[in-house]
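**Student:** Take a look at the following structure, please.
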Amino acid sequence: MNRLLDLGRRVELQSMDSHFHDITIGLYRQQDDEGPLYTVHSYAEVPGTGDRMGAIAGSMQILGGLTTVTAVCLRPACGQDHPLAIERVFLESCKIPHNQTATAAALSVTDRKSGLTIQAHGLGDGQYRIEATGDAEDETRQRRVGVIVNGLRKLGEMQSVADADGQILEDCVSFGCGHDHDALVALLLQRAPNVRALVREEQAAAARGVLAAPSAQS
Numbered sequence: 281m282n283r284l285l286d287l288g289r290r291v292e293l294q295s296m297d298s299h300f301h302d303i304t305i306g307l308y309r310q311q312d313d314e315g316p317l318y319t320v321h322s323y324a325e326v327p328g329t330g331d332r333m334g335a336i337a338g339s340m341q342i343l344g345g346l347t348t349v350t351a352v353c354l355r356p357a358c359g360q361d362h363p364l365a366i367e368r369v370f371l372e373s374c375k376i377p378h379n380q381t382a383t384a385a386a387l388s389v390t391d392r393k394s395g396l397t398i399q400a401h402g403l404g405d406g407q408y409r410i411e412a413t414g415d416a417e418d419e420t421r422q423r424r425v426g427v428i429v430n431g432l433r434k435l436g437e438m439q440s441v442a443d444a445d446g447q448i449l450e451d452c453v454s455f456g457c458g459h460d461h462d463a464l465v466a467l468l469l470q471r472a473p474n475v476r477a478l479v480r481e482e483q484a485a486a487a488r489g490v491l492a493a494p495s496a497q498s
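Oh and the sequence shown: position 202 is 482 in the working numbering, straight run, nothing missing.
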């Protein structure tokens with residue numbers, strides 16, 4: 281018989297795991313002396329569920345550059361919290377088929393709307409400059425860079441960067457912790473060009489499943 285565990289607060293939910301018997305999987309957050317701690321857990325009793333949780337946590341470590349604490353627990357390498365970004369890492373990790381190894385994303389992506397190549401250049405201290413290259417007018421490149429920057433702010437709660445005179449740099453974003461998170465930025469960069477479509481996709485997926493009590497999951 282399953283019982284409720286003290287996992288902390290559930291911060292994200294994969295209502296139906298299409299790669300493993302449509303079970304429901306949650307991401308839970310706790311705080312300890314070392315900072316935020318995230319746990320991947322399901323109350324489903326399907327054989328192999330534990331292995332699936334470990335696989336998702338392993339994918340989160342690769343895709344988000346997180347630090348592994350146990351087979352299913354991770355924390356940000358910087359010791360500070362980046363909740364929206366980590367929730368995004370969890371959702372993307374749930375999309376990886378069981379028994380398939382995750383591959384870290386590159387700090388570049390092809391923008392489908394413009395055909396431009398979008399790159400994130402690390403500047404140190406958690407700051408990144410976004411650049412668009414390719415055959416397009418300067419106005420188009422600047423516009424698409426702006427879209428990407430806004431997408432990174434929304435998906436990862438990244439902050440604006442100002443120059444020495446206090447002017448906001450329209451092509452830069454940063455993490456408030458002041459640490460570099462290349463893997464995390466690379467993952468977010470893949471989704472930043474079209475945040476609205478991503479939200480619609482996940483809302484539709486969530487509508488297909490609801491959270492079931494432990495006793496109701498099989």
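Glycine included, C-beta positions come from ideal geometry on N, C-alpha and C. The structure displayed is predicted, hence computed values, not measured ones.
1. Of the residues Gln407, Thr348, Val369, Arg476, which one's Cα is nearest the Cα of valine 427?
2. Once DSSP output is grouped into helix, strand and coil, what is the label at leucine 432?
3. Contact between the region 400 to 407 and the region 443 to 459: three or more CB pairs below 8 Å?
4. In chain order, what residues of the same chain have a beta carbon less than 7 Å from the beta carbon of glycine 402, not counting five sequence neighbours either side?
5. Suppose you measure from the CA of alanine 472 to the CA of threonine 350; what does that come to, to the nearest Å?
6. Rounded to whole angstroms, what is the Cα-Cα separation between valine 490 and arginine 424?
7. Reducing DSSP to helix, strand and coil, say where cysteine 457 ends up.
8. Where does leucine 491 fall in DSSP's three states?
9. Just verifying my parser: in three-state terms, what is the DSSP assignment at alanine 365?
10. Looking at leucine 343: is its Cβ nearer than 9 Å to the Cβ of alanine 400?
11. Looking only at its chain, what residues have a beta carbon closer than 6 Å to the beta carbon of glycine 306, apart from the 5 residues adjacent to it on each side?
12. For glutamine 497, which three-state DSSP category applies?
13. Just the Cα atoms here: how many angstroms apart are leucine 354 and leucine 346?
14. Would histidine 362 be called buried (16 or more neighbouring beta carbons within 10 Å of its own) or exposed?
15. In this structure, how does DSSP classify glutamine 422 when only helix, strand and coil are distinguished?
16. Please report the distance separating the alpha-carbon of glycine 436 from that of leucine 468.
17. In chain order, what residues of the same chain lie with their CB nearer than 7 Å to the CB of alanine 492, ignoring the 5 residues before and after it?
18. Does DSSP put glutamate 481 in a helix, in a strand, or in coil?
19. Kindly indicate which residue of Ile398, Gln311, Ile336 has the alpha-carbon position closest to the one of threonine 420.
20. What residue does the alpha helix (DSSP H) around isoleucine 336 start on, and which one ends it?
**Tutor:** Taking the coordinates as given:
1. Walking along the sequence shown from the start, residue 427 turns up at place 147. Looking at the Cα atoms, Arg476 is the closest of the given residues.
2. Taking the sequence shown and counting its residues from 1, one reaches residue 432 at position 152. Of the three classes helix, strand and coil, the one that applies to leucine 432 here is helix, per DSSP.
3. yes
4. As a working note, residue 402 is residue 122 in the sequence shown. Hits under 7 Å: Tyr408, Asp460, Asp462.
5. One-based indexing of the sequence shown puts residue 472 at position 192. One-based indexing of the sequence shown puts residue 350 at position 70. Taking the straight line joining both Cα atoms gives about 30 Å.
6. Numbered from 1 along the sequence shown, position 210 holds the residue referred to as residue 490. Numbered from 1 along the sequence shown, position 144 holds the residue referred to as residue 424. Bear in mind that the predicted position of valine 490 carries a pLDDT of just 49, short of 50, making it unreliable; the figure below should be weighed with that in mind. Going from the Cα of valine 490 to the Cα of arginine 424 covers about 36 Å.
7. The residue labelled residue 457 in the question sits at position 177 within the sequence shown. Three-state DSSP puts cysteine 457 in coil, outside helix and strand.
8. As a first step, residue 491 must be located in the sequence shown, where it is residue number 211. A caution first: leucine 491 carries a pLDDT of 45, below 50, which makes its placement in the model too unreliable to give a value.
9. Here residue 365 refers to the residue found at position 85 of the sequence shown. Alanine 365 carries a helical assignment under DSSP once its states are collapsed to helix, strand and coil.
10. Residue 343 sits at position 63 when you count from the first residue of the sequence shown. Residue 400 sits at position 120 when you count from the first residue of the sequence shown. Cβ distance not < 9 Å, so leucine 343 and alanine 400 don't count as in contact.
11. Start at 1 with the first residue of the sequence shown, and residue 306 comes out as number 26. Hits under 6 Å: Arg290, Leu293, His321.
12. Residue 497 sits at position 217 when you count from the first residue of the sequence shown. Since pLDDT at glutamine 497 reaches only 41, below the 50 mark, its modelled position is unreliable, and no value is offered.
13. Indexing the sequence shown from 1 puts residue 354 at position 74. Indexing the sequence shown from 1 puts residue 346 at position 66. Approximately 6 Å, taken between the alpha carbons.
14. Residue mapping note: residue 362 aligns to position 82 of the sequence shown, counting from 1. With at least 16 other beta carbons inside 10 angstroms of its own, histidine 362 counts as buried.
15. For this step, residue 422 is matched to residue 142 along the sequence shown. Reduced to three states, the DSSP call for glutamine 422 is helix.
16. Counting from one through the sequence shown, the residue named residue 436 turns up at place 156. Counting from one through the sequence shown, the residue named residue 468 turns up at place 188. In a straight line, the C-alpha of glycine 436 is about 7 Å away from that of leucine 468.
17. In the sequence shown, residue 492 corresponds to position 212, counting from 1. Reliability fails at alanine 492, whose pLDDT of 44 lies under 50, so the model's placement of it is uncertain and no value is given.
18. Stepping through the sequence shown from its first residue, residue 481 is reached at position 201. Residue state, collapsed to three classes: helix.
19. Position 140 of the sequence shown holds residue 420. With distances taken between Cα atoms, threonine 420 lies closest to Ile398.
20. Here residue 336 corresponds to residue number 56 of the sequence shown, with the count starting at 1. Element bounds for isoleucine 336: 329 to 344.
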